Amino acid sequence: MLVLLPTMALLSGFFDVTFAIFNWAVIQNAAREGVRYAITYQTMSGKGQDASIAQTVINNSMGMIPATVAIDSTNSTTFSVTTNYYTELNPNTPISSGTANSPGNIVEVSVVNYNLNWMVPIAGTVANPFRNQAPATINVYARDVLNGYPAGTTGVTR
C-alpha cells in the first residue's frame, strides 16, 4: 500500500503531462492547417473566408475543438478561433477593413483559451478533492503571408 499510492500518483502525473503535450500539438497543428487553408483563398459553400478558415481549424482538431466554439470572437477571455490580418509594415496591429485579406498581407489564425483538463482531476485538497475548472489554458498562433489570388479571381469575401 505504501508503494501503490505514490506509484499511481506518478503514473497519473505522466499521463497528464503527456496528454497536455498531445493537446497542444493537436491544437497547434489545427491552427497551422487553418493558415494553410487561408493562403489558398478558398471558401466553403455558404461561408466567407474567415468562417471557412475557422471551420478548417475545427475539422483538423481531432474533435478537441467543439463545433460550437466562438468564431472571430473579440472577447479574449472566452475560448475562440480567431483570424486576423496584418500588413507587412505593421505586423502588430490587426487590419479591420474589408480588404484585409489582400495579397501580401499576413494572416494569423489563433486558438485562444483552450481549457486543458487533467485526466485525473484531483486538486489535492481535502475539502474539495476534485477540480471544478481547468487548471491551465492553451493559446496557439500560426501566421503566413497571403500570396496572389487564384487564377480568375479578383477578391474573396471575408
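Whatever position you read off the sequence shown (first residue = 1), add 420 for our numbering.
Here a beta-carbon is modelled for each residue, glycine too, at the ideal position from N, C-alpha and C.
Since the structure is predicted, the reported quantities are computational estimates derived from the model, not experimental observations.
Helix, strand or coil at residue i [DSSP, three-state]
{"i": "V446", "result": "helix"}
{"i": "T513", "result": "coil"}
{"i": "N537", "result": "coil"}
{"i": "S432", "result": "helix"}
{"i": "V529", "result": "strand"}
{"i": "S472", "result": "helix"}
{"i": "G400", "result": "Within the shown structure, residues of the chain are numbered from 421 to 578, placing residue 400 beyond reach of any answer."}
Inter-residue Cα distance where the pair is residue i and residue j
{"i": "E453", "j": "T573", "result": "22 Å"}
{"i": "Y457", "j": "I441", "result": "24 Å"}
{"i": "A490", "j": "A556", "result": "19 Å"}
Any C-beta of chain C under 8 Å from that of residue i
{"i": "T427", "result": "Of the chains in the structure shown, none is chain C; there is only one protein chain."}
Spatially closest choice to residue i from the options, by CA coordinates
{"i": "L626", "options": "E528, F439, P555", "result": "What is shown of the chain runs 421 to 578, which leaves residue 626 out entirely."}
{"i": "G447", "options": "L536, T507, N525", "result": "The sequence shown places Ile at residue 447, rather than the Gly named in the question. Comparing Cα-Cα distances from I447 to each of L536, T507, N525, the minimum goes to L536."}
{"i": "N443", "options": "K467, M484, T460", "result": "M484"}
Residue i CB to nearest heavy atom of the ligand ADP below 7 Å
{"i": "Y561", "result": "The ligand content of the structure shown is nil, which means the ligand ADP is not present either."}
Beta-ladder partner(s) of residue i, from DSSP
{"i": "N504", "result": "E528"}
{"i": "R560", "result": "Contrary to the premise, residue 560 reads as Val rather than Arg in this sequence. Answer by DSSP bridge pairing, in chain order: V531."}
{"i": "A490", "result": "S500"}
{"i": "V565", "result": "I526"}
Is it the case that the region 498-507 contacts the region 526-533, given that we only count it when at least three CB pairs across the two stretches are under 8 Å?
Touching, yes.
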